[in-house]
Structures are given as C-alpha cells and as structure tokens.
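In this note's numbering, the protein residues as written are 1045 to 1871. Beta carbons are placed, not taken as given, at the ideal position from N, Cα and C, and that holds for glycine.
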C-alpha cells in the first residue's frame, strides 16, 4: 500500500469497522478532504477489487485494498466535493455498482434530537424508522433507530443480503440515535436492525417505528412509502365536524369488532380491508350504530392475543392488507358517516426477542427491575414511562393513528394496570413509588401528557379509558389533576348488572341495590356502558348464556338487558355477535354466526338492537345530558319486591321526555306510575313486542294521564308491564283543542262536583237536623220517664212516711198507756 495513503488512514477506526463494532463509521468511510486531496474509503466485504468512478468526468481510480476483508481506499487529487460510485468485483467475477452510503449528511437535526430527548417530538415517526426519500439527487431509504446502549447498529435487509457489515450506522452524538441513508434501497423490501450489544452478542431487531411488518411467522419490518400520499382522502368535512359530532352531549353507540372474524373469506381466510369495508358499512348502518371500535389493528405475532400483544406499533397488520388498504377502509367509514375508534395498548408489550424487549442489550423500553418491568399475570413487559424517549414513542404512536389514519378516537386498554404498581402482583413483586404508595406516578404523568397533547392537536378525538378501579377524575381535566380522558368504561355498572340479571327473578328482590347503585356515581365520570369482547371469552359464556331460565326466558332477559343499557345514562358499546344472541363464546378463528338470524328469536334480538339504536340516536333525552342529573330522574327505585324500576330521561323540551318502566320480575303486572307531565303517553318500544321475539304483551293504546297523585307526582298513568320487559313511553302534550276540551270537561266536572257537594251538604244538614230532633225527642221522653219514676218514688216515700207516722203514733199511744198503768199502780 502507498505509504502516504497508509499514514492517512485511521487504523483503529478501520479495525472497528471490519469487526463491526463502530458507532461512527461515517468518520472513516466515504470521502474526506485531507489537505489538497480527498481520501475515499469503503468497506465492501467479499470484494476483491474496487474502482471509484467519478460521475461528472467519468474518471476512474483504482482503490487499494487495505484489508483483505474488503476494505479499500484511494487518495483522489483535489478537495472539491464530487459525485462518484464504486464498481466492485467479487470472487466469482461479478461486477456490481455501489453508491456510497457514507457520503450523506444526517436527516435528523439537533432540534429533532433535543425534542426527542425531552419526550416532546410528536412526529418522531417521520424521523425514526425507514423512510424512502431522495438525498442529493440519490434515491434510497433513510434508516434511523434509537439504541443508545448498543455498540453498533446496522441496517440489514433485502438491499444488502442481510449482511450487517455493509451498512453500519452512525450514532448521532449522545442522542442514542443511529442513522444511515442507504442508496437504492426501496419500498417493499424487508429489513431489520442488527444490533451488537456489550459482550459481543448480536441480535436482529424489527424496527419499532416500521410502517410495515411481515405477517407471522415472519418477523421482518417492511420499507413503506408514505401511504397518505397514495390515498385520496375524502373525509375533510367529517374530520372538521368531529368535535361537534363526538361531544359529550351527542349519541355514541359503538359496535366493537375483530376484523378477522367479523367476516371471513373462503376456507376461513382473512379478508382484505377493502373487501371488509362495504360489509362493515352495510351492517353498521343497517343496525344504527354511530361508531365501530376495532380491536388492535397494529401488527402482532400471536393470533390468540387478538392484537393486544403488539410488536409493530406503527404498522397496520398485514393480515388484512397494506397500509393503503387500511387507509381506504378508514376513508370509506367516514364517507359512510361511521366513526372509528382504535384499540391501543400502551400498557405492556410481549417478550418476543425480535421486538422491543432488551432492544439494545439493555432494558431500554422496559424497567430493568422485573418488579417494575414485568407483568407476571400476562407474561409481558411494562413500559418505562419515566424515560422521555419511551413516552415519546407511545404518544407519537397515538398521534400517528389519529393524524395519519384519521382515527376518531383511541381506546386505551388496561389503564388500571398502568396506574397501579401492584396490579396483578403479590407482595414482594412490586416496588413502591417515592412516596411509598402503589400509584405509578410516571404512568399518571404519561397519560396526562398524552391526553393533553391529543386535545391540543385535535379536540374532536375521543380518548377512552378501560379503567376498572375507582381512580378519581379519570375523565377530569388535567388542569384539575384529572387524567384528561373523555370517556371511561363503566365496569362497575357492567359487573353489578350482570350479577343482578344472572339471578333467578325469584331472588332478584334481594339484590335490588345492585341495579340502582350505579346511579349514585353515574355522574362522577363521563361513562360508557360496555358489553365488550372480554365478557364473552375464557369460559365466561356469551351474554345470552349468562341469562337465567329456559330459552324463552333467556331471550326475554337479554332483550331486557339491552333495553336497560340503552336507557341508562352513558355512551354505549356492544361486541359483535351479541346483537344477534350468539350462544357460542367468541373465537377469533370463526366468523360471527350470521346464520342464527334465520331463527325468529335471534332475529328478534337483532331487530330490537336496531330499534334501540334508532331510538337512542334520535332521542336527545337519551344523550343530551349524559353527564348531568338534568337528564335523569327516578320515579320509582324502591319497589324491590316487585323487581321494578321507573325513571324519566329528559332533554330541553317536555315533549322530548321518555318514561321508562323496567320489569325484572317474571310476572305480568298492572302498574300505576307517576308521570312528570299531564298529557298523552304512547308506548314507543316494548321489548316483549312480537317483532322482537316477545309474546306481544304491549300497551297498544295511547294512555292519557290522570290527575291522580302517585310516586310523589300530581299525574299518573295505568299501564301493563310484561314479564322481563322494558316499556318506553314517549310524551305528547295535549293540543290546544284537546286542552280546551279537557278544561271544559274539567269545569263541568268541577261544577258537577260542586253541585254534588252542595246536595251532599243539604242532605247532610237534613240528616243532622233529623238527628238533633230525634235526640231532643229522646231527651224529652227520657225526662218524662224520669219524672214518672220520680212521682212513683215520691208516692212510695209518702206511703213510707205515713207508715212511719202511724208507727210513731202507735208507739206514743203505747207509751201513754204504759204511763197510765204505772201511775195507777203507784196510786
């Protein structure tokens, strides 16, 4: 080798490159000005000779082999930058033109690195990952990945025969980001990152920011063009109206579905997003749902996880097609007036070695301490939310689905597991926070950050929490120490209600509080009532399977359940298949059992859900005041022995009022119920109607209220309540003519009542006078009897007195006779 050239070369750096341990190969490889010359060095493993050819003047320079492993160098006169390419000859005699990957500046600037380090680069997915682009007139792909603790990172793939020696990447300062621009790499090629860690081990890792991912069992990332540039979005008006359409005072009825088993192709194969779109639209529109919620569409390796163990967070699953196909699906939903909520899983991730776990040889995305970084219940890993780059990865991902795929909402899975450090763990399996508590303060801050940024960028997007504990202010404002969600799943209502409805009606009276308790806290959060996929898997049975009784009673209970849910305050969600009364638990390997709708009972349930959705979305009373007591009023919540509830749903106008009567007993009853207004009440829905599979015990006639106090209200109606049913009455005020007629009849009635009262008073007066006369006569008669008795007594007394006088005279006479005899004797 030329001595001058030898001395100009940095041999320790060259050795690092040859041994694939360099974190800055750009410092050595490529063209570098040295004095008045340009030193060009290249590492092409396997090459036996290399020619450097100037593109401008076509001059060729034979490069000297510095190392037989394939390291070549040449000193070119002049220091003016010039374009060139290599012509490499290999042992088999083949020639290959190679563009220099080490002749390009980073496409990530200091501002990008600073924002990422602070966790606030909300479009970091446009910088990290694989991005086809043209740099300095050269087409290729720019690769960038965050792996701060790696010794070396290489981009490997179809473009370099998966040889990690060829495209070793440059580490940008202390940012931990490795990057390289690879000329001639192109969209559609598979790739990964080859990561060499401390200790010398090498791993192949999928790109965390990849826009495409191979379908299992393959695990490579796929270079994707910006799909948005290929799709003509036609939902501008939809997006602009989203804030108004999805407000807390608007109806939200969600159909939750798993794309892989909603419909299936021949032999159970997955259908493409484009094939599924019209099928989903037709069904959802026919049934009257406002939204769909897709179980995770992010790429995942295990079908049985249903998407909840994600590897490719930025890649729509290839099960159903390409990125463009999924954008087509989203666009079609919006054109049809259907909102789309995406399930999203920032709570944990799987341990697959090609994924995020131990990404750069260290616990980069997870905590190192397994007590903080592992879910023993699920066997997955927990994100380190306190690391800014990790929280940035997740927040940017949520924004990616919202801004790139036009998602109308994000439903966050397993929020409770994020909030509590001891979730699903035993003593000794978790570490307390800095205050000694079990709250995950870093996760709390992450959720607040996420919701704040989403709302700042698009207020119309719904942020929904699946949170199963009593954590306060889940839907409270972040400024008020809330988490900032729009909606929280009401798991308490679901569990209480399912516990109640599973009881035989004979015993329900003893569980009445389970039915009414939800209204105590109904307005403490902005709730959604859900019967999700979680309730129809893992041996739990389907919703109809949870109902007690014989088949007829099961269907009646199910209809009662759906009607009660739709009438109860809160947004709504129902999992696919449950709206036709499936008896079999959901299985991701089969499609919904659509054939059941050929049976009257199942068709009836479907008809009922359709009718309920129509009623819900057209009745402001059922959604206008979902977050306020202004929209709800108990009429009767204490008739536990009757297993009965009566309540009113209200809006701004009296005529929008709905009266709901729910009979959870298995007997038909006549009820008198208090009503809020005088007027006409027409039953607009009864779950026992024949069209819904019921017995037809309905209130067919309009019921006019009576001015008879009941349930603490001045007016009441008398109605029939079928067994295990809900009756919903609409209110209509009397017309002016009707009111005049009612007033006329009222006046006549009042006049008649006054006359009757006067007549009653006259008769009562006569009766009173007659009573007084009789009493006087009785008194006189009594007095006469007493006088006669007194006269007789007086006569008797006179006789007695005369007898006494006569006796007295006799005694006196005897005394005188005795004295005379005594005087005579004395003489």
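Can you look up residue i in the DSSP assignment and give me helix, strand or coil?
i	result
residue 1601	helix
residue 1361	coil
residue 1207	coil
residue 1256	strand
residue 1315	coil
residue 1099	coil
residue 1770	strand
residue 1619	strand
residue 1542	helix
residue 1614	coil
residue 1431	coil
residue 1784	helix
residue 1667	coil
residue 1672	coil
residue 1378	helix
residue 1450	coil
residue 1661	helix
residue 1578	helix
residue 1606	helix
residue 1652	helix
Which same chain residues, not among the five before or five after residue i, have their C-beta less than 7 Å away from its C-beta?
i	result
residue 1650	1623, 1624, 1641
residue 1661	1295, 1297, 1332, 1334
residue 1182	1143, 1227
residue 1432	1161, 1162, 1163
With a threshold of 8 Å on Cβ separation, who are the neighbours of residue i within its own chain once the five nearest residues in sequence on each side are excluded?
i	result
residue 1400	1252, 1355, 1393, 1408, 1409, 1410, 1425
residue 1316	1364, 1365, 1369
residue 1065	1195, 1196, 1240
residue 1150	1214, 1216, 1223
If you draw a straight line from the C-alpha of residue i to the C-alpha of residue j, how long is it?
i	j	result
residue 1499	residue 1442	12 Å
residue 1566	residue 1672	9 Å
residue 1238	residue 1259	20 Å
residue 1892	residue 1601	The requested residue 1892 is not part of the displayed model; the chain covers only 1045 to 1871.
residue 1190	residue 1480	33 Å
residue 1574	residue 1692	22 Å
residue 1680	residue 1604	18 Å
residue 1469	residue 1581	23 Å
residue 1743	residue 1347	49 Å
residue 1790	residue 1750	12 Å
residue 1428	residue 1621	37 Å
residue 1606	residue 1708	13 Å
residue 1875	residue 1339	In the structure displayed, the chain extends from 1045 to 1871; residue 1875 sits before or after that span and is not available.
residue 1206	residue 1174	16 Å
residue 1381	residue 1455	20 Å
residue 1587	residue 1748	37 Å
residue 1279	residue 1090	53 Å
residue 1249	residue 1405	11 Å
residue 1284	residue 1773	36 Å
Hey, would you say residue i sits closer than 8 Å to residue j, going by beta carbons?
i	j	result
residue 1098	residue 1126	yes
residue 1718	residue 1754	yes
residue 1293	residue 1345	no
residue 1241	residue 1188	no
residue 1644	residue 1504	no
residue 1201	residue 1235	yes
residue 1762	residue 1714	yes
residue 1436	residue 1164	yes
residue 1463	residue 1515	yes
residue 1306	residue 1219	no
residue 1323	residue 1303	no
residue 1233	residue 1267	yes
residue 1569	residue 1522	no
residue 1336	residue 1371	no
residue 1875	residue 1367	As shown, the chain starts at 1045 and ends at 1871. That puts residue 1875 outside it, with no answer to give.
Spatial neighbours of residue i within its chain, please: C-beta separation below 6 Å, excluding the five flanking residues on both sides.
i	result
residue 1118	1084, 1096, 1105, 1107
residue 1074	1144, 1146, 1147
residue 1767	1710, 1711, 1712
Next item on the list: Would you mind listing the beta strand (DSSP E) stretches within the segment 1137-1201 that are 3+ residues and don't spill past its ends, in chain order?
Entry: Fully enclosed beta strand (DSSP E) runs of 3 or longer: 1139-1142, 1173-1179, 1182-1190, 1196-1201.
Item checked: In chain order, each alpha helix (DSSP H) run of at least 4 residues that lies wholly inside the segment 1046-1107 -> Whole alpha helix (DSSP H) segments, 4+ residues: 1047-1052, 1055-1062.
Checklist line | Every unbroken alpha helix (DSSP H) inside the segment 1511-1575 [4 residues or more] | finding: Counting whole runs of 4 or more residues, the segment 1511-1575 contains the alpha helix (DSSP H) stretches 1535-1545, 1556-1560, 1562-1565.
Note to self: Just to confirm the assignment: which complete beta strand (DSSP E) runs, minimum length 3, are found wholly within the segment 1221-1308?
What the structure shows: Runs of the beta strand (DSSP E) inside the segment 1221-1308: 1221-1227, 1234-1240, 1246-1249, 1297-1301.
Check: Considering only residues of the segment 1689-1718, which uninterrupted beta strand (DSSP E) runs meet the minimum length of 3 residues and lie entirely inside it, listed in chain order?
Finding: As summarised for the segment 1689-1718, the continuous beta strand (DSSP E) elements at least 3 residues long and confined to that stretch are 1702-1707, given in chain order.
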